[in-house]
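All residue numbers for the sequence shown refer to my numbering, where the first residue is 14 and numbers rise by one. Note sheet for the following structure.
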Amino acid sequence: MQPFAGQESTLDALLARHLAQRPDAVALEFRELGAAQPAPEPDNWRKLSYRDLAWHVHAMARRLQPQLRPGDRVAWLGLNHPAQIALLFALARIGAVLVPLNHRLAPAEWAAVLADCTPVLLLHDADFAPAALAATAQLAQPPQLRSLAWLIGDPVPEDGAEAPQAPPPDASATPVLLVYTSGTTGAPKGALHTQGNLLANMAMAAAVQALTPQDVVATVLPLFHVGGLCIQTLPALWAGARVLLFSRFDASATLACFEADRPSLSLQVPATLKALIEHPRWPDTNLGSLRTVWAGSSVLPDGLIAAFHARSLPVCNVYGSTETGPFSIALPPAQAHSHVGSCGWPAPGVEVLLCDPHGAAVQPGAVGEICVRAANVVRHYWPDTPACDEQGFFHTGDLARQAEDGSYTVVGRAKDMVISGGENVYPAEIENLLNQHPLVAECAVLGQADARWGEVVVAVVVLRDGQAAPEDWAEALRGTLDGRLARYKWPRRWLRADSLPKTALGKVQKPALQAWLAQTG
């Protein structure tokens, strides 16, 4: 795909633009929450101008270049930190690839990722040193370890210090970011993003979100996932805005930030939206500076959206995946109230097709698999497995229908679809209704093999704490479906659970639920 109109072809060129146009503007402000070993003072990472960011990139590239060759992988294990962003830019200059590790995984899971992509270095902060050692101890040939504190403490290079050569102007096809999928449907795979992929995504996301240098973006989601890194954080830096980067999400700190720092935008997921509206400070927190809350999720429960809309704050959904940038389909603020439940329209430069299982386009109004082609879509999984079909479309595995106005609504995963008595049942529409019931904290709907019907619909429900559940709670939930959902779609089996297994960004892991369901008989 050609570069998105108006974008630079390298991350280095993006940094050079800001150095020329707004070197003293603040790029990043870091908020560290609850670190076991706080960074040593003085800490020159707390507040970075675009000039400061460029200096740190220069220092990292200068230090790392003697140890790396183009194409080498460098893994990162730690909470959010500005050094991770500087490292991405530094590796882009060298031609190496950043592999951010999900810090919530177990050592065996980290070891599996490291064994797959064979990084040269594993960089970590002091808090994650034991975890890094535990992960590498499980490898036959562990990568060399370096302390992230060493990189953080690296001084700004002196004038005239030897530095790596800038990448060539045609470096847009150079891999720079290897992100492993969340694994909701099986073993994670590494999506290999090029500089061109990232820059195209930044330009698309900045355009749809109307990002300007005057914006202040509060980043509370983890940067190890493309949602936290690529939906708002990198697009904000592309636009020359200011990013308030939190080491991790905390509802109290986020609400305090909304009131005191007055950001204009923030990105959330359903789990963090829920935590915010259930916090005691939610009713009294001043949200007046926010023009929009964006949410990265295929499906957003209506109740969460309603809580923000009641505060006159539009919630705008972004649809995408690790492989698609992830900025693919988005709901603009002007349509947030009229299109609740929709994920909106394709971003500029994104082509979307809805296809049947044979790859043919479905009829208007019918459900089909979302297939995406765009400049921000990865072409390969690590190391060289094609991610797209021969026409360049990535098949997401998500099912959606398109309305007459061109907007899309996701109805579930293709693998999650239940076929009961020959009828297609989409779990998302059942889950959305059940989540509106006051008894329900969260739920998941899936299929179970059945001799008579082929499959039957099963609802796994977590009841809300402090809510006096009736003896027949399932009957109470059936009542919320009556008249709102065809009876053949109703769950035939109802199960209670204390919690639902989830990925780091709050997506329910239905394979794990299926395994649990099989054990229950």
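Each residue gets a CB set at the ideal place from its N, CA and C atoms; glycine is no exception.
Distance cut-off 7 Å: residue i Cβ against heavy atoms of the ligand ATP
i: Ala400; result: In the structure on display, the ligand ATP does not appear, and there are no ligands present to speak of.
Per-residue burial, residue i [other beta carbons within 10 Å of its own, 16 or more giving buried]
i: His350; result: exposed
i: Pro53; result: Because the pLDDT at Pro53 is just 47, under 50, the model does not fix this residue reliably, and the value given afterwards should be weighed accordingly. Burial call: exposed.
i: Tyr501; result: exposed
i: Asp65; result: buried
i: Thr225; result: exposed
i: Ser265; result: exposed
i: Ala12; result: Limits of the chain in this structure are 14 at one end and 534 at the other, which puts residue 12 out of reach.
i: Gln34; result: exposed
i: Glu171; result: With a pLDDT of 48 at Glu171, under the threshold of 50, the modelled position of this residue cannot be trusted; read the value that follows with caution. By the neighbour-count rule (16 or more Cβ atoms within 10 Å), Glu171 is not buried but exposed.
i: Pro483; result: exposed
i: Leu309; result: Here the sequence assigns Gly to residue 309, which means Leu is not the residue at that position. With 16 or more Cβ atoms within 10 Å of its Cβ, Gly309 is classed as buried.
i: Arg44; result: buried
i: Arg106; result: buried
i: Asn437; result: exposed
i: Glu403; result: exposed
i: Ala573; result: Residue 573 is absent from the structure shown; the chain starts at 14 and stops at 534.
i: Ser277; result: buried
i: Thr187; result: buried
i: Ser334; result: buried
i: Asp485; result: exposed
i: Leu24; result: buried
i: Gly19; result: Low confidence applies to Gly19: its pLDDT is 48, below 50, so where it sits in the model is not reliable, and the reading given next is rough at best. Classification for Gly19: exposed.
i: Gly173; result: Confidence is the limiting factor: at Gly173 the pLDDT is only 45, short of 50, which leaves the residue's position unreliable, though a coordinate-based value still follows. Classification for Gly173: exposed.
i: Gly435; result: exposed
i: Gly84; result: exposed
Residue range of the beta strand (DSSP E) that includes residue i
i: Val87; result: 86 to 90
i: Cys329; result: 328 to 332
i: Thr60; result: The sequence given here places Lys at residue 60; Thr does not occur at that position. From DSSP, the beta strand (DSSP E) with Lys60 extends over 60 to 62.
i: Gln227; result: Per DSSP, Gln227 belongs to no beta strand (DSSP E) and is neither H nor E.
i: Pro396; result: Note, Pro396: premise wrong, no beta strand (DSSP E); not H, not E.
i: Gly203; result: 203 to 207
i: Gly316; result: From DSSP, Gly316 is part of no beta strand (DSSP E) but of the alpha helix (DSSP H) over 315 to 322.
Distance CB(residue i)-CB(residue j) smaller than 8 Å
i: Ala103; j: Ala74; result: yes
i: Ala387; j: Glu417; result: no
i: Val423; j: Tyr332; result: yes
i: Gly362; j: Gln348; result: no
i: Thr246; j: Val230; result: yes
i: Ala218; j: Phe340; result: yes
i: Leu268; j: Thr305; result: no
i: Ile383; j: Ala360; result: no
i: Val189; j: Val110; result: yes
i: Ser62; j: Ala38; result: yes
i: Tyr439; j: Leu476; result: no
i: Phe406; j: Val385; result: yes
i: Leu41; j: Pro95; result: yes
i: Ala184; j: Ser355; result: no
i: Phe237; j: Pro377; result: no
i: Asn214; j: Asn389; result: yes
i: Gly519; j: Ala284; result: yes
i: Pro399; j: His393; result: yes
i: Leu300; j: Asp274; result: no
Of the residues the options, the one placed nearest residue i, counting alpha carbons only
i: Leu326; options: Gly333, Tyr332, Ser334, Leu317; result: Leu317
i: Trp89; options: Pro83, Ala119, Leu127, Gln80; result: Leu127
i: Ala457; options: Ala186, Ala510, Val385, Gly496; result: Ala510
i: Asp315; options: Ala186, Pro296, Glu442, Arg477; result: Glu442
i: Leu303; options: Thr335, Ser62, Tyr394, Pro346; result: Pro346
i: Ala125; options: Ala499, Leu101, Asp25, Ala150; result: Ala150
i: Pro396; options: Arg294, Gly301, Val192, Ala184; result: Val192
i: Ala472; options: Leu508, Gly435, Trp295; result: Leu508
i: Glu272; options: Ser512, Ala67, Arg294, Ala148; result: Arg294
i: Leu494; options: Ser512, Trp466, Asn448, Gly519; result: Asn448
i: Leu92; options: Pro235, His31, Ala148; result: Pro235
i: Asp263; options: Pro248, Ala99, Val256, Thr232; result: Thr232
i: Ala320; options: His31, Ile290, Arg261, Glu336; result: Ile290
i: Ser279; options: Pro296, His292, Phe259; result: Phe259
Opening and closing residue of the alpha helix (DSSP H) in which residue i lies
i: Ile290; result: 283 to 290
i: Thr493; result: 486 to 494
i: Gln461; result: Careful: Gln461 lies outside any alpha helix (DSSP H), inside the beta strand (DSSP E) at 453 to 463.
i: Ala379; result: From DSSP, Ala379 is part of no alpha helix (DSSP H); its letter is neither H nor E.
i: Ser265; result: 264 to 273
i: Arg106; result: 95 to 107
i: Gln527; result: 523 to 533
i: Asn445; result: 440 to 447
i: Thr409; result: Here Thr409 belongs to no alpha helix (DSSP H); instead the beta strand (DSSP E) covers 407 to 415.
task: Decide if the segment 239 to 257 is in contact with the segment 425 to 437; the criterion is three or more beta carbon pairs, one per stretch, under 8 Å apart.
output: no
field: Segment contact, 8 Å Cβ cut-off, at least three pairs: the segment 451 to 460 with the segment 471 to 490
entry: yes
- prompt: Are at least three pairs of beta-carbons, each pair with one atom in the segment 251 to 260 and one in the segment 210 to 223, less than 8 Å apart?
  reply: yes
- prompt: Counting Cβ pairs closer than 8 Å, one from the segment 200 to 211 and one from the segment 366 to 381, do we hit at least three?
  reply: Verdict: no, contact absent.
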